[in-house]
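Here is the structure we will look at.
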Amino acid sequence: MKLIFERSVPGRRMSLFPECDVEECLPEVPMREAPPRLPEVSENELDRHYTALAREARGLNDGFYPLGSCTMKHNPLLNERMAALEGFTGVHPLQPAETVTGCTEVIDTLEKYLKTITGMDRVTFQPAAGSQGEFTGLLLIRAYHEARGEGERNEILIPDSAHGTNPASAAMAGYRVVELVSDENGMIDLEDLRQKAGPKTAGLMLTNPNTVGIFDTDIREITAIVHNAGGLCYYDGANLNAVIGLVRPGDIGFDVTHLNLHKTFSTPHGGGGPGAGPVACKSFLAEYLPGLRAVRGEAGSSDTWQYVWEKHSIGNMTGFYGNFLILVRALCYLESLGRDGVPELAHNAVLNANYMMAKLKDIYPMAYDRICMHEFVMNLDSFHEKAHVSALDVAKALLDFGIHPPTMYFPLIVPEALMVEPTETESRETLDGAIAAFRAIYEAMVKNPERVKATPATTPVRRLDEVTAARKPVLKYDFGGAE
Amino acid sequence: MKLIFERSVPGRRMSLFPECDVEECLPEVPMREAPPRLPEVSENELDRHYTALAREARGLNDGFYPLGSCTMKHNPLLNERMAALEGFTGVHPLQPAETVTGCTEVIDTLEKYLKTITGMDRVTFQPAAGSQGEFTGLLLIRAYHEARGEGERNEILIPDSAHGTNPASAAMAGYRVVELVSDENGMIDLEDLRQKAGPKTAGLMLTNPNTVGIFDTDIREITAIVHNAGGLCYYDGANLNAVIGLVRPGDIGFDVTHLNLHKTFSTPHGGGGPGAGPVACKSFLAEYLPGLRAVRGEAGSSDTWQYVWEKHSIGNMTGFYGNFLILVRALCYLESLGRDGVPELAHNAVLNANYMMAKLKDIYPMAYDRICMHEFVMNLDSFHEKAHVSALDVAKALLDFGIHPPTMYFPLIVPEALMVEPTETESRETLDGAIAAFRAIYEAMVKNPERVKATPATTPVRRLDEVTAARKPVLKYDFGGAE
Amino acid sequence: MGNFIPGTKKEQQAMLQDIGFRDWEDLFRDIPEDTRFRGELDMPPGRSDLEVEREIRRMAGKNRIFPVMLRGAGAYDHYVPAAVDEVSSREEFLTAYTPYQAEISQGILQSIFEYQTMICELTGMDVSNASLYDGASAAAEACGMACDRKKKVLLLSETLDPRVVRVIRTYAAGRGQRIVMVPAVNGAADPAALEKLLGEEPETAGFLMQYPNYFGIVEDADKLAEITRRAGAKFLMHVNPLALGVLKTPGEIGADIVSGEGQPLGLGLAYGGPYLGILACRKKLMRSMVGRLVGETKDSRGDRGYVLTLQAREQHIRREKASSNVCSNQALCALKASVYLAAVGPAGLRQAAVLCSSKAHYLAERLAGAGLTPAYDRPFFHEFVTVSRDPATKNILHALADNGILGGFSLSDHEILWCATEKNTKEDMDRAAAIVAETLSGLSGRRDGAAPGETMKEAAKKTSDKAVKEAAKEMSDKAMKEATEKIPGKEVQA
Amino acid sequence: MGNFIPGTKKEQQAMLQDIGFRDWEDLFRDIPEDTRFRGELDMPPGRSDLEVEREIRRMAGKNRIFPVMLRGAGAYDHYVPAAVDEVSSREEFLTAYTPYQAEISQGILQSIFEYQTMICELTGMDVSNASLYDGASAAAEACGMACDRKKKVLLLSETLDPRVVRVIRTYAAGRGQRIVMVPAVNGAADPAALEKLLGEEPETAGFLMQYPNYFGIVEDADKLAEITRRAGAKFLMHVNPLALGVLKTPGEIGADIVSGEGQPLGLGLAYGGPYLGILACRKKLMRSMVGRLVGETKDSRGDRGYVLTLQAREQHIRREKASSNVCSNQALCALKASVYLAAVGPAGLRQAAVLCSSKAHYLAERLAGAGLTPAYDRPFFHEFVTVSRDPATKNILHALADNGILGGFSLSDHEILWCATEKNTKEDMDRAAAIVAETLSGLSGRRDGAAPGETMKEAAKKTSDKAVKEAAKEMSDKAMKEATEKIPGKEVQA
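Protein chains in written order, with full-length UniProt numbering: chain A, 1 to 483; chain P, 1 to 483; chain V, 1 to 494; chain C, 1 to 494.
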């Protein structure tokens with residue numbers, strides 16, 4: 001496929017802007033030597049280029065997408081229509097607060113819903129993504145300890161099964177990471193935790209269900225141990241889809257949590273973003289929350305709105321109020337679901353995962369042989385040993401069935417891992433189709449492993465040389481000639 | 001690919017409508033015995049179904065589309081944004097005229113532009129398509145003759161090269177069709193015309209350039225002959241793209257014309273519609289125009305708008321005011337082009353056609369060896385004789401190059417015809433690519449005609465059995481079981 | 001200025017010279033000078049996208065959008081599911097041509113095949129075409145299909161939408177067919193009159209009724225069908241497809257040809273277009289069906305596929321002998337209707353129909369309570385006509401408009417045709433009724449009509465004043481006649 | 001209620017039983033009862049699409065949309081070409097995940113590769129990442145990249161956007177980095193002060209300036225770069241990418257790391273997000289680059305293809321040793337920016353930049369004529385600060401708002417930060433200036449300031465009252481300090 005630069009012809013252009021109706025004028029400062037080599041194309045060529053790219057992209061609309069830990073659920077179409085309303089897209093972030101009461105209502109309503117869902121007392125929408133939410137949550141924990149004169153608490157406890165973002169966020173917040181060991185069920189080893197929790201402990205970061213798809217039943221004891229040691233408990237909301245409406249982090253000992261609106265709350269992933277990672281916390285942490293909030297003025301001047309800071313705010317995570325249009329979508333979603341729809345989604349997310357696991361576990365070894373939550377992890381080490389077929393090979397073979405592969409090689413504690421998360425928005429027929437594909441791949445592996453290793457054969461490109469890409473990085477187009 | 005009915009599962013549904021907030025009530029009349037067997041699907045399944053269909057459809061955005069006589073030019077993206085404005089889509093057609101002055105401005109402004117482009121005096125936007133435009137124009141001609149007591153004029157002269165719609169429209173309007181013979185240049189034989197024009201002649205229907213892509217240079221004499229015989233001249237605007245801004249039907253003896261907004265004026269074809277076929281005419285025909293028109297009230301009550309009829313209106317072609325949202329798009333287009341952009345488009349439409357013809361005529365026999373207008377016709381009879389490769393085979397072979405084939409077997413006066421219309425919105429590289437494809441197909445034919453006849457090989461389905469389809473028509477899904 | 005031409009002036013010049021032309025004049029040398037337009041077009045200079053958008057938005061902004069609509073009369077304010085817009089705005093569907101090249105057009109062909117199936121399911125007919133321009137022109141084509149060389153008279157019920165009648169008349173004039181109106185009694189075609197006319201007009205090709213009719217009434221179609229068929233004429237029905245979610249189907253009633261306006265199925269109001277013409281018929285009429293048809297077949301490998309079929313009926317082969325001159329359909333509108341029907345499903349379509357009917361009946365009750373008497377005593381679907389004692393139509397509609405409500409459609413000084421849909425809330429309708437009550441009491445003071453707050457049934461019981469009822473009846477018949485006349489001299493919509 | 005679950009209750013039950021569970025309770029038996037939430041969520045019941053749409057539209061309708069905007073301050077009202085929306089709303093782009101499976105994600109990977117190339121072209125840098133959350137967080141990551149174990153002090157120009165400074169401070173607090181502000185003189189960083197601080201702070205990792213700065217001024221970046229690099233610190237620039245259509249590039253100036261807010265490139269205002277964080281750097285810093293990178297490679301058949309690369313820097317491999325915790329980008333926003341840049345091309349980008357600059361200079365002149373004196377005597381791009389003699393900010397902005405104009409951003413009672421873009425017409429700006437003139441004359445009567453209709457240059461010449469100028473300067477410095485403080489107690493935007 002051509003790059004847009006390869007479709008460019010000097011002098012071609014679209015007609016977007018009017019002639020200048022005032023005297024033309026640029027500041028008297030040094031100017032660039034040559035214009036940027038941006039593409040020069042007509043609208044027809046531009047449209048065709050991006051259509052060709054779209055045809056080589058894969059959206060949820062193209063089929064099953066059981067990417068573990070990513071919660072690739074259907075993105076309701078109404079949400080897009082609502083996020084495109086000019087009443088939202090045309091608002092300047094620095095408009096007077098009394099002219100943006102619609103935005104404020106969106107934010108306040110969504111906060112109300114997320115509070116009841118998490119069992120927390122306050123929410124900030126500053127963070128633009130889950131990882132920034134983690135960072136925010138840790139800064140709250142840090143501010144809390146510092147305010148109490150316990151700034152020496154510099155350790156965050158994180159299980160070895162955790163997503164890499166957890167330790168990375170802890171490091172960004174200036175913490176030392178103390179790794180907790182998972183037991184044979186993928187759960188926290190309580191003894192290990194008791195040993196590691198202490199006067200240096202600032203907090204614990206945990207997702208529950210954990211990254212292997214198992215609900216840690218000791219959760220109340222775990223949070224109690226951390227609290228007793230003087231630390232706070234951070235709930236990574238990445239896996240909330242399994243228990244939303246059934247278990248609330250605020251009820252089981254957590255003090256702060258982030259939510260991934262682009263996972264549990266159906267906002268689109270956009271090929272990698274934008275998402276949103278709001279942080280909910282208990283009231284004792286509210287005074288540290290980042291960002292400005294629009295509030296109605298004091299009694300007697302009810303028409304005067306103003307923006308206020310929390311008393312000891314940690315500052316800002318993003319320039320304005322986070323990814324507002326993502327919030328609109330999440331609000332639509334929750335308005336659709338309502339109080340009864342929320343737990344139903346968790347029911348079906350877990351049902352679909354257990355259904356697929358049950359139909360595959362006779363031939364695909366599961367990392368943990370017990371009821372899973374919204375996702376399950378296969379351990380294909382034995383495939384690799386017996387037939388030299390890796391988790392990667394199985395994933396690539398699925399491409400030829402028109403199925404997006406599961407997450408590969410995560411969590412790190414499971415060798416040759418494939419992590420499958422069907423989500424609740426898939427039909428039984430879709431699950432059955434994927435089960436049949438997995439079984440067909442297994443058959444192929446038994447008969448002719450080389451066939452599996454030669455996949456994919458139906459995709460626009462075949463397996464790509466990632467090693468060379470990293471060794472000799474080519475990160476931009478080479479226009480040729482002297483640079 | 002599954003039919004949507006094959007994705008249906010009883011009881012599945014989306015949640016679109018609210019609970020009833022008043023007492024539920026249906027009229028006491030006979031009800032249907034069983035519900036219609038409409039699909040029962042979730043939004044996710046619906047979205048995937050139509051995505052799959054879209055992936056097996058081919059839009060202008062997918063590549064070159066040189067369909068002769070169809071003018072598949074780029075459809076500007078801005079036009080879609082404008083046609084989607086709620087200020088247009090949310091207007092009830094029976095709102096008071098003073099509440100729809102924006103719609104009226106769209107219509108009046110577009111009328112003004114089309115008048116200057118056609119050299120006519122009035123325009124109606126009633127017709128929803130070119131064919132309905134033809135029918136409308138003929139009804140105007142009929143009303144004119146009848147009003148003058150010349151109702152006995154019951155013949156319409158139509159060249160043998162004409163599109164089938166011309167004679168079909170004439171028949172619908174109650175006319176007998178008299179066919180005019182084309183000469184060896186594809187132009188009207190003046191002698192033949194002189195013999196056939198007479199007291200029975202109601203009018204002539206003609207497109208110029210004609211359907212073989214040649215501008216009939218005798219046009220002024222042709223219209224004079226018809227006028228002298230007492231007939232009127234109808235200009236079929238199907239090929240206006242070649243001469244827009246350069247030749248105006250109203251200047252060269254035509255009394256009435258329709259325009260295809262979905263051809264010359266860039267509105268999208270929609271997979272076969274909706275288009276729009278406004279009719280422009282000289283002032284002496286205006287009193288017969290169909291449809292209501294919103295006008296500002298008499299002086300002294302300038303705020304009162306009303307809808308009025310022409311004095312001897314032929315009636316209505318469509319229920320309200322034609323395909324209004326198509327008019328919005330055409331207006332956008334003309335606002336973009338402006339007075340200078342209009343002739344430029346004709347220049348380049350003709351240039352692109354002649355360029356392709358010049359680069360192919362050494363091996364592809366042209367039906368007429370002279371300067372073409374916006375399209376040209378190949379006569380592949382010799383291919384068929386020599387290699388048993390038909391125009392159809394060449395067309396299907398182009399599919400494997402990712403190019404939409406030209407129009408096949410039209411006009412009827414050329415055997416094994418392929419009619420190529422590149423349009424002005426294609427780049428030289430696109431034309432060169434298509435030329436290379438044509439030449440490659442020629443090479444293949446010379447070396448191995450069977451390879452050409454085995455095409456297409458890269459499409460979702462191969463050549464389809466049209467004979468069986470027509471002989472044993474299956475026009476709807478068979479749900480199985482007792483019907 | 002946007003001209004959408006990729007090539008620069010330089011490229012254009014190079015191409016010209018490459019193929020042997022000096023300049024544009026040279027390229028166009030075959031066009032005689034005396035046919036050339038050498039003036040300047042009377043248009044502004046070209047503009048950039050930013051300017052065009054500003055200008056067109058200005059125009060859109062001049063229109064008034066009513067948050068609440070209680071007007072139908074042929075165009076209905078229904079909810080359009082997001083999926084409809086999402087699917088139909090995909091450029092692959094939007095910008096494609098008619099699917100003549102079946103190998104790369106399966107998506108569009110299949111979508112039409114699905115549409116045809118859905119229309120057959122709704123109507124109970126055997127064959128649906130790929131769609132026509134709008135309901136009115138579809139009805140005109142249906143009438144054309146019903147006729148043959150011998151039978152050229154069409155009986156139309158007076159209770160048909162007058163705009164549909166106008167288009168039928170326009171088409172019939174060209175084809176030399178004769179239209180005879182069948183008079184109505186109490187808002188429905190008079191069976192006796194129909195029987196009489198069928199006897200008087202042996203050349204009658206068919207009788208066309210509307211279902212529900214223009215006044216919202218669900219007429220006794222079974223009886224009319226029986227009378228028509230007994231006389232050997234074809235029975236034609238013009239339908240609201242949404243109502244067919246619940247009503248007895250034309251197939252069950254015994255219709256031969258069904259036309260309809262598809263706009264209620266997910267198409268916006270859009271100032272009247274593009275809409276969607278539905279046309280379906282019995283199998284025996286298949287080969288005289290107008291317009292495009294998509295059929296199922298197999299490809300050379302035996303795989304299922306779809307093609308345009310039975311093209312021998314069509315104008316590009318049959319020329320003047322074609323069944324019609326139609327050579328396009330409203331494919332994108334048909335796609336919208338398909339997506340709509342797939343989104344709502346059978347249960348959703350029924351729900352929409354029940355909501356429409358229920359709200360309309362509630363509105364009728366509230367309006368009766370406010371002093372607007374029902375004009376007809378017949379079962380209705382989601383439209384109905386009211387009569388006022390005083391010539392209050394203008395005042396009522398103005399008062400509603402001042403409150404952001406588009407009231408019913410004025411049939412006369414005394415009569416209004418109302419409509420309710422699933423989009424109207426109880427609160428909106430209560431508000432409308434209160435405004436009506438206030439307007440009426442302001443106009444006339446109170447006489448012996450309905451007291452505010454009365455229900456329709458109570459009001460109907462009480463209205464014993466025969467003279468008033470008669471007057472109302474007469475006015476309504478007059479309005480109907482005027483509406484169905486070929487060319488009103490002047491028509492003011494309010 | 002919409003729950004988007006395809007299966008009916010019956011299907012769900014069948015599936016449960018098929019895999020050996022009695023009911024939902026049984027499926028969730030592993031979750032201890034004492035962790036279960038058994039209450040009812042404090043939310044309304046679920047609603048249908050029609051109802052949700054009505055509710056959300058109601059909220060959107062509460063916001064005020066200003067037809068004319070003269071406010072920027074970090075978010076800019078630019079024209080968004082139709083192609084941007086068309087492309088970015090395609091579900092294949094909208095709903096895709098991060099392109100980890102390269103074989104079926106070439107479309108997204110290539111679009112990012114193209115984006116990276118365009119950003120390198122704009123900035124003159126060697127490496128661009130795949131984008132970050134927004135300009136402010138990108139600046140914070142740039143600062144993080146500049147630091148290492150030894151060098152943990154960052155010098156920030158006081159002329160940086162205070163919101164950007166806030167985010168940098170928030171990030172730095174976590175990382176234990178120290179922020180030192182470099183004071184400004186006449187609206188631009190003071191080179192002498194910078195030199196002095198660089199001397200005083202040997203642990204300085206880098207100096208960050210904004211280009212054009214928060215007050216619209218194009219500072220002498222060459223000089224600042226030279227001073228910074230001479231001291232062995234990294235030179236960081238935070239840019240408006242649209243201005244780079246004309247201004248000397250950071251590459252030419254000698255920057256090491258460039259961050260920027262991509263919102264001007266085809267992203268709507270959208271109440272502040274989602275926006276687009278631009279981050280680019282020199283090749284030597286490639287392996288400490290934060291966030292995703294797409295690289296070119298070949299597939300097993302030798303065809304060109306694209307993959308996520310250099311993942312060894314990233315958190316899912318490096319965990320706590322990663323360069324950042326960033327694990328997504330703003331891919332869809334980067335796509336929008338790419339489409340924008342492809343649509344405008346080099347000529348269009350220059351045209352947009354010239355239009356913005358020209359209109360801003362015209363506006364400045366007209367406002368000077370109306371009585372608002374320019375606060376700084378420096379070259380500016382499309383934003384500038386004015387000072388009023390009286391504390392007139394509130395009155396001016398209210399008067400403009402009453403006329404549908406969102407005036408400049410209030411920096412203090414006397415100071416306003418204005419912005420003009422290609423969307424502002426001469427007429428709109430004339431109208432705004434007239435309203436300002438009227439407001440000011442109404443406020444104070446006329447003293448010895450500029451006469452109405454005077455140009456900026458004339459006014460500047462005339463203003464010899466040194467005290468006024470000093471006062472204005474002081475106020476402006478104060479406002480700047482307040483704005484860049486970590487936590488203002490209370491902030492009212494007007």
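Note that CB positions come from ideal geometry on N, CA and C, so glycine has one too.
| said: According to DSSP, is residue 309 of chain A part of a helix, a strand, or is it coil? | reply: coil
| In this structure, does DSSP put residue 277 of chain V in helix, strand or coil? | strand
| So is residue 302 of chain V buried or exposed if we call it buried at 16+ other beta carbons inside 10 Å? | exposed
| task | Report the rounded CA-to-CA distance for residue 204 of chain P versus residue 233 of chain P, giving the unit in angstroms. | result | 5 angstroms
| Is there at least one Cβ from chain A nearer than 8 angstroms to residue 450 of chain V's Cβ? | Low per-residue confidence applies at residue 450 of chain V: pLDDT is 47, beneath 50, and the placement is therefore not dependable enough to give any value.
| field | Whole-angstrom distance between residue 358 of chain A and residue 19 of chain C, CA atom to CA atom | value | 6 angstroms
| request: Compute the distance between the beta-carbons of residue 308 of chain C and residue 94 of chain C, then report whether it is under 8 angstroms. | output: no
| query | What is the C-beta distance between residue 363 of chain P and residue 439 of chain P, in whole angstroms, given that I count them as a contact (C-beta under 8 angstroms)? | reply | 7 angstroms
| query | Once you ignore the five residues that flank residue 171 of chain V on each side, which residues in its own chain have a CB closer than 6 angstroms to its CB? | reply | 140
| request: Could you run through the stretch 155-171 of chain P and flag, in chain order, every residue whose CB is less than 9 angstroms away from some CB of chain A? | output: none
| message | What residue range does the beta strand (DSSP E) around residue 280 of chain P cover? | response | 279-281
| task | Indicate, with yes or no, if the ligand SAH has a heavy atom lying under 7 angstroms from the CB of residue 379 of chain C. | result | This structure simply doesn't include the ligand SAH, nor any ligand for that matter.
| query | Residues in the stretch 459-482 of chain P with C-beta within 7 angstroms of chain C's C-beta atoms, listed in sequence order? | reply | none
| What residue does the alpha helix (DSSP H) around residue 333 of chain V start on, and which one ends it? | 331-370
| said: Output needed for residue 505 of chain V: all residues of its chain with C-beta closer than 8 angstroms, excluding positions within five of it in sequence on either side, in chain order. | reply: Residue 505 of chain V lies beyond the residue range present for chain V, which begins at 1 and ends at 494; the question has no answer from this structure.
| Under 9 angstroms from the C-beta of residue 62 of chain P: neighbouring residues of chain A | 48, 51, 52, 55
| residue 103 of chain V in three-state terms, based on DSSP | helix
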